[in-house]
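In this note's numbering, the protein residues as written are 4 to 556.
What follows is one structure encoded as structure tokens, with my remarks underneath.
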Amino acid sequence: MSTNSAGIGRGRSASEGGGPDRAAADAAPPGEPPGTLDAGSGPRAAASGGDATTSAWSHLRPLVLRLHFYAGVFVAPLLIIASLTGLLYVFSPQIEQAVYDRELHVSPAGTAQPLADQVEAARLVRPDDEMRSVRPGPTATDTTQVIFHAPDLPESYHRTVFVDPYTTEVRGVLETYGSGQALPVRGWIDWLHRGLHLGDVGRLYSELAASWLWLIVSVGAVLWVLRRRSDRRARAVLAPSGGPAGRRRTLSWHGSVGIWAAGGLVLLSATGLTWSTFAGENVNQLRAALSWDTPAVSTELPASGVDTSGPPGGGADVGVDQVWAAVVAAGLTGPVEITPPEEPGTAYRVAEQGRVWPTEQDSAAVDPATGEVLEVLRFDDYPLAAKLARWGIDAHMGFLFGWVNQAVLVLLAGSLLGVIFWGYRMWWLRRPTRAAASSFGRPPARGAWRRIPGRVLAPVILLGVVIAYFLPLLGASLLVFLLIDILLGRRDRRRAAPIEAPPGPDDGTEIGALAEADAASAVVGAPSGVAADHATTGAGRTGRTDTDTAGGA
Numbered sequence: 004m005s006t007n008s009a010g011i012g013r014g015r016s017a018s019e020g021g022g023p024d025r026a027a028a029d030a031a032p033p034g035e036p037p038g039t040l041d042a043g044s045g046p047r048a049a050a051s052g053g054d055a056t057t058s059a060w061s062h063l064r065p066l067v068l069r070l071h072f073y074a075g076v077f078v079a080p081l082l083i084i085a086s087l088t089g090l091l092y093v094f095s096p097q098i099e100q101a102v103y104d105r106e107l108h109v110s111p112a113g114t115a116q117p118l119a120d121q122v123e124a125a126r127l128v129r130p131d132d133e134m135r136s137v138r139p140g141p142t143a144t145d146t147t148q149v150i151f152h153a154p155d156l157p158e159s160y161h162r163t164v165f166v167d168p169y170t171t172e173v174r175g176v177l178e179t180y181g182s183g184q185a186l187p188v189r190g191w192i193d194w195l196h197r198g199l200h201l202g203d204v205g206r207l208y209s210e211l212a213a214s215w216l217w218l219i220v221s222v223g224a225v226l227w228v229l230r231r232r233s234d235r236r237a238r239a240v241l242a243p244s245g246g247p248a249g250r251r252r253t254l255s256w257h258g259s260v261g262i263w264a265a266g267g268l269v270l271l272s273a274t275g276l277t278w279s280t281f282a283g284e285n286v287n288q289l290r291a292a293l294s295w296d297t298p299a300v301s302t303e304l305p306a307s308g309v310d311t312s313g314p315p316g317g318g319a320d321v322g323v324d325q326v327w328a329a330v331v332a333a334g335l336t337g338p339v340e341i342t343p344p345e346e347p348g349t350a351y352r353v354a355e356q357g358r359v360w361p362t363e364q365d366s367a368a369v370d371p372a373t374g375e376v377l378e379v380l381r382f383d384d385y386p387l388a389a390k391l392a393r394w395g396i397d398a399h400m401g402f403l404f405g406w407v408n409q410a411v412l413v414l415l416a417g418s419l420l421g422v423i424f425w426g427y428r429m430w431w432l433r434r435p436t437r438a439a440a441s442s443f444g445r446p447p448a449r450g451a452w453r454r455i456p457g458r459v460l461a462p463v464i465l466l467g468v469v470i471a472y473f474l475p476l477l478g479a480s481l482l483v484f485l486l487i488d489i490l491l492g493r494r495d496r497r498r499a500a501p502i503e504a505p506p507g508p509d510d511g512t513e514i515g516a517l518a519e520a521d522a523a524s525a526v527v528g529a530p531s532g533v534a535a536d537h538a539t540t541g542a543g544r545t546g547r548t549d550t551d552t553a554g555g556a
């Protein structure tokens, strides 16, 4: 990430379109207008470094800018993968409907057969499997899905038998995944987005991307808005500026598109973390501690008169048809999943599966012996936190508002890819143009944290520790960034260190001049190095150039 200091010092010549304006633009960090330097470095720092009224932001800005730069450079490849695989997942419901048309759809043909007969037809196909639940077709053209436990498959996978509700013909048997009954194609895309099919190791990529996305976006939004605060017009923040192609126009696209997408990207980051390995566990613990868990209907039967000695379903059972009719009468009119009693003394559980707005997530418990509805839990009665979690997850997956939701996700993914492209382009435009072909753009100046007062730095460190506790991969990767930055800084300092050579026979004049310059500086008060530079011709003398400070800590 460091650059060739000599190349930085040369830049473009005036004949190549450089000149003072270009030099000023090259000197400015990302997010800073040409002709200025980072706060806390250079002339501006000299003017304000001793001002006690300097705002906390003026101290923090160089550090925040450097964090945004490094996080963007290193995490952007993960975000690109997440965006592309997420785009593919957005369209997975349509892909699923097309690929599995035979299993999912039928032509209406009179009156549907009893649900119990459809379940029995499925049992004949899977006689050795234990039935888990049944989903009646929500429309007249949908098949009935009879779901069986599959202990030979990975966790959260089941086998589903698709039955024609009019003829009880079995239309197919497929492996399905998760509570959403994802069929093989959608399940494959899901795991591609979640972990690149690399198992637990692959899931670290998506957690890293989700852990950093909200931080990069939030920091970038703050940098952009505060940069434009002098221009009180909303257009300065929300719309890209015109002008000739270059870093300033690229920056305006990077910032304005990022502002428009910021809210949605933060939402995707937050909801994505709920599926992650480490942060997801912390989120679950936090929700439990704050009583934000999603409520569930109780399936425990009243103790009086209940025989709990036999196997599940061994007693009187009114059957799935009467159970279905009972919950419809109780108001559960959306698509439902009916789960038989799992053990003696428990009831049927019937839960709505509608995930399109308005959300249909009511559930009920039904006595298997009498068909009586024992309890109904309405989605309207959920705590606000549980509702927000449900809506956020469904929006993340593109279900909540149907095709509108899908269109918004496409725009968000495209915006993120565009912001990343413009960010990398700005980095490229800041490269030394006469340096070696492998040189990269300059990062913001190192050492900004050294100039932050303790009263400002202490709360920032404390906040960072708290965030790292809840998002462990973010904290660990941040430490890696810091270690790399320290190593690069030490390398740059070694490269920039002056090379001391023993005096030769022709160096007497220069040594004498240096001594006279030091004596003169003691009288006049000028720094000896400045006087020496004027007193010598520079022959045989090496020292640190202005460009060397770019890599110093």
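All C-beta atoms, glycine included, are put in the ideal place defined by N, C-alpha and C.
Across which residues does DSSP place residue i in a beta bridge pair?
i           : result
residue 137 : 149, 341
residue 355 : 339
residue 378 : 368
residue 349 : 303
residue 363 : 357
residue 185 : 180
Quick one: Cα of residue i to Cα of residue j, how far?
i           : j           : result
residue 106 : residue 116 : 18 Å
residue 288 : residue 155 : 30 Å
residue 94  : residue 409 : 8 Å
residue 406 : residue 489 : 48 Å
residue 206 : residue 378 : 39 Å
residue 351 : residue 148 : 17 Å
residue 283 : residue 79  : 22 Å
residue 274 : residue 434 : 37 Å
residue 144 : residue 162 : 21 Å
residue 68  : residue 463 : 14 Å
residue 64  : residue 200 : 39 Å
residue 394 : residue 62  : 39 Å
residue 399 : residue 271 : 6 Å
residue 227 : residue 75  : 15 Å
residue 344 : residue 371 : 8 Å
residue 183 : residue 249 : 47 Å
residue 279 : residue 212 : 10 Å
residue 353 : residue 264 : 39 Å
residue 72  : residue 429 : 11 Å
residue 533 : residue 496 : Confidence is the limiting factor: at residue 533 the pLDDT is only 40, short of 50, which leaves the residue's position unreliable, though a coordinate-based value still follows. So the two alpha carbons sit approximately 21 Å from each other.
residue 70  : residue 122 : 58 Å
residue 160 : residue 190 : 10 Å
residue 232 : residue 419 : 24 Å
residue 475 : residue 281 : 7 Å
Just reading off the alpha helix (DSSP H) that residue i is part of, what are its end residues?
i           : result
residue 368 : Counting along the chain, residue 368 falls outside any alpha helix (DSSP H), though it belongs to the beta strand (DSSP E) covering 366-369.
residue 472 : 457-473
residue 108 : Taken as a continuous stretch (DSSP letters only), residue 108 belongs to no alpha helix (DSSP H), as it is neither H nor E.
residue 324 : 323-332
residue 411 : 406-432
residue 277 : First-last for residue 277: undefined, no H or E at that position.
residue 394 : 387-400
residue 120 : 118-128
Let's see if you can read the secondary structure: which residues bound the beta strand (DSSP E) around residue i?
i           : result
residue 200 : Counting along the chain, residue 200 falls outside any beta strand (DSSP E), and DSSP gives it neither H nor E.
residue 284 : Residue 284 -> not in any beta strand (DSSP E); alpha helix (DSSP H) instead, spanning 281-292.
residue 75  : Unbroken run through residue 75 is the alpha helix (DSSP H), 59-93; no beta strand (DSSP E).
residue 177 : 173-180
residue 449 : Residue 449 -> no beta strand (DSSP E), and no H or E assigned at all.
residue 164 : 160-166
Rounded to the nearest angstrom, how far is the Cβ of residue i from that of residue j, given a contact under 8 Å?
i           : j           : result
residue 260 : residue 220 : Incorrect: roughly 11 Å between the Cβ atoms, too far for contact.
residue 340 : residue 136 : 5 Å
residue 208 : residue 412 : The Cβ separation is near 19 Å, so there is no contact.
residue 426 : residue 257 : 6 Å
residue 164 : residue 125 : 4 Å
residue 222 : residue 176 : Actually they are not in contact, since the Cβ atoms of residue 222 and residue 176 sit about 50 Å apart, beyond 8 Å.
residue 560 : residue 387 : This structure gives no information on residue 560, because the portion of the chain shown stretches from 4 to 556.
residue 327 : residue 139 : 7 Å
residue 241 : residue 262 : 6 Å
Item to check | Entirely enclosed alpha helix (DSSP H) segments - the stretch 235-266, minimum 4 residues | outcome: As for any alpha helix (DSSP H) of minimum length 4 sitting wholly inside the stretch 235-266, the runs are 237-241, ordered along the chain.
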